[in-house]
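Peer 1: Okay, here's the structure, questions in a sec.
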Amino acid sequence: MGVLTTMTPDFLFIGASKCATTTITALLNQHPDIFTPPHEVSFFARDDLYAKGIDWYRSLFTAAQLGQIKGENSNIYTMQEIYPQAVERIRAYSTDLKLIYCVRDPFTRIESYWLEIRSHGGEVVHHDFNTAIKLNRDWLIDASNYWQQINAYRPYFSNEQILIIFFEDFKTNPHRVLRTCFEFLGVDPEISIDTTLQMNPSATKTMPSPVLSKLRANPLYRASVQVLPRDLRDPLKKRLFFKPVSERPQWQPETQQWVLEQLADDTQALLNYCGKPLDYWSSFSQPAYSPIQHL
1 MGVLTTMTPD FLFIGASKCA TTTITALLNQ HPDIFTPPHE VSFFARDDLY AKGIDWYRSL
61 FTAAQLGQIK GENSNIYTMQ EIYPQAVERI RAYSTDLKLI YCVRDPFTRI ESYWLEIRSH
121 GGEVVHHDFN TAIKLNRDWL IDASNYWQQI NAYRPYFSNE QILIIFFEDF KTNPHRVLRT
181 CFEFLGVDPE ISIDTTLQMN PSATKTMPSP VLSKLRANPL YRASVQVLPR DLRDPLKKRL
241 FFKPVSERPQ WQPETQQWVL EQLADDTQAL LNYCGKPLDY WSSFSQPAYS PIQHL
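The sequence shown runs 1 to 295 under full-length UniProt numbering.
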């Protein structure tokens, strides 16, 4: 048996995006009996990475020490509408894996994920929040139908192989959630973890203004900025055309109601399955939804 053959992951952290998955993975990696690659892998979802082959994937785990369990974090494994091949590829690879899935109030996830994508620039999602909700529903709405996403795995992975955790529980008591993860993965749950680590905080992000999107389409603008040295160009562009993400998205009432209709049944099914009260997420228990203050 070759070295790469033994470099098989034991668990996948499959999402959801903007649910502290990067932070939680980094905290899991503090455990001496756990190894994860430093970045999201996305091997089973992205065609360009999957084409590199299984040996390339296994090579990502060669730094693991003897006796460590191995895992990886890829949020897009629970974006079926965008990456429909991910579940089948994972099933074909191994049905012995354990899966961890972190979820949060869908409304706050939608807000946070829209800001995240916009902070990278480009037009993956529309620059107007309420327009993006319907125009880019695969990124924002469908990925928030958590029960639908995890149910795609359940024909191949038993309930005992799937752990669903909640972002809100992690924020309230990170040590308890980490202990649950450690017990699920079969490693010592008593290991002390420094939970002050926070990855990808929204407060540090900026997003491009609509003006920049229009300018990027202008050949004269593109030619002009290329004349400037990069060490001047990037700071100037950030100062003029990027703004902090401290401004919360503003929901239009009709958009809010439409999202509630799209997510209500799925959300109720997930909360029922996980033993959570139906008012666990306040967005679904209040007649009027107001944007969150902290992402």
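Even glycine gets a Cβ: it sits at the ideal position worked out from N, Cα and C.
Just checking my contact of L140 with I14 at CB under 8 Å: how many whole Å lie between their CB atoms?
Peer 2: Actually they do not touch by this definition, with Cβ atoms about 18 Å apart.
Peer 1: Pick out whichever of T8, G71, A45 has its Cα sitting closest to the Cα of D55.
Peer 2: Here the closest residue by C-alpha is T8.
Peer 1: Using the Cα positions of Q68 and D142, report the straight-line distance between them to the nearest angstrom.
Peer 2: The alpha-carbon atoms of Q68 and D142 are separated by roughly 35 Å.
Peer 1: Are the CB atoms of P253 and E111 nearer to each other than 8 Å?
Peer 2: No, the pair does not count as a contact, with Cβ atoms beyond the cut-off.
Peer 1: Starting from the C-beta of P106, find all residues in its chain whose C-beta is less than 6 Å away, skip the five residues before and the five after it, and write them out in chain order.
Peer 2: Result list for P106: S144, L263, in chain order.
Peer 1: Would you list, in sequence order, the uninterrupted beta strand (DSSP E) runs of no fewer than 3 residues that lie entirely inside the stretch 117 to 202?
Peer 2: Complete beta strand (DSSP E) runs here, min 3: 162 to 166.
Peer 1: If distances are taken between C-alpha atoms only, which option among D188, S285, I164 comes closest to C274?
Peer 2: Per the Cα distances, I164.
Peer 1: Hey, is the stretch 114 to 131 in contact with the stretch 42 to 60, meaning 3+ C-beta pairs nearer than 8 Å?
Peer 2: Too few Cβ pairs lie closer than 8 Å, so no.
Peer 1: Quick one: is L236 buried, meaning 16 or more other Cβ sit within 10 Å of its Cβ, or exposed?
Peer 2: In this prediction, L236 scores a pLDDT of 49, lower than 50, which makes its location untrustworthy; the coordinate-derived value is nonetheless stated afterwards. Exposed, since its Cβ has fewer than 16 Cβ neighbours within 10 Å.
Peer 1: What runs of the beta strand (DSSP E), each 3 residues or longer, lie entirely inside the stretch 10 to 67?
Peer 2: The qualifying runs are 11 to 13.
Peer 1: For chain D, find out if any of its Cβ atoms is closer than 8 Å to the Cβ of W281; answer yes or no.
Peer 2: The structure shown has no chain D; it contains just one protein chain.
Peer 1: Judging by CA-CA distance, which residue of I34, E81, R118, P277 is the nearest neighbour of Q148?
Peer 2: The residue with the shortest Cα to Cα distance from Q148 is E81.
Peer 1: So, using beta-carbon positions, are H175 and T195 closer together than 8 Å?
Peer 2: Yes.
Peer 1: Quick check on the burial criterion: 16 or more other C-beta atoms within 10 angstroms. Buried or exposed for R154?
Peer 2: R154 should be labelled exposed.
Peer 1: So, are the CB atoms of L12 and C181 less than 8 Å apart?
Peer 2: Result no, Cβ atoms of L12 and C181 do not sit closer than 8 Å.
Peer 1: Determine the closest residue to T21 out of N73, Y93, M79, with distance taken between C-alpha atoms.
Peer 2: Of the listed residues, the one whose Cα sits closest to T21 is N73.
Peer 1: Roughly how many whole angstroms lie between the Cα atoms of I193 and F170?
Peer 2: C-alpha separation (whole angstroms): 13 Å.
Peer 1: Flag this pair as yes or no: are the beta carbons of I34 and V187 separated by less than 8 Å?
Peer 2: The answer is yes: Cβ separation under 8 Å.
Peer 1: With a threshold of 16 other CB atoms inside 10 Å of the CB of G53, please say whether the residue is buried or exposed.
Peer 2: Its Cβ having fewer than 16 others within 10 Å, G53 is exposed.
Peer 1: Using only the alpha-carbon positions, how far apart do F166 and F184 sit?
Peer 2: C-alpha separation (whole angstroms): 15 Å.
Peer 1: Can the beta-carbon of A16 be found less than 8 Å from the beta-carbon of Y156?
Peer 2: In this structure, Y156 does not lie closer than 8 Å to A16 by Cβ.
Peer 1: Just verifying my parser: in three-state terms, what is the DSSP assignment at L278?
Peer 2: Residue state, collapsed to three classes: coil.
Peer 1: Taking 8 Å as the threshold (C-beta atoms), are V103 and L278 in contact?
Peer 2: For L278 and V103, no; Cβs fall outside 8 Å.
Peer 1: Under a Cβ-count criterion, where at least 16 other Cβ atoms within 10 Å of its own Cβ denotes burial, should T267 be classed as buried or exposed?
Peer 2: Flag for T267 reads buried.
Peer 1: Taking the alpha-carbon positions, what's the Q257 to K134 distance?
Peer 2: Using only the alpha carbons, I get a separation of about 12 Å.
Peer 1: If you count every other CB in all the chains shown that lies within 10 Å of the CB of T36, and 16 or more means buried, which is it?
Peer 2: The residue is buried, with at least 16 neighbouring Cβ atoms inside 10 Å.
Peer 1: Whose C-alpha, out of Y101, W114, H120, M79, is nearest the C-alpha of D138?
Peer 2: Cα-wise, what sits closest to D138 is M79.
Peer 1: In or out: S94 buried (at least 16 other Cβ within 10 Å) or exposed?
Peer 2: Exposed, since its Cβ has fewer than 16 Cβ neighbours within 10 Å.
Peer 1: Where does S283 land, buried or exposed, given buried means 16+ other C-beta within 10 angstroms?
Peer 2: Burial call: buried.
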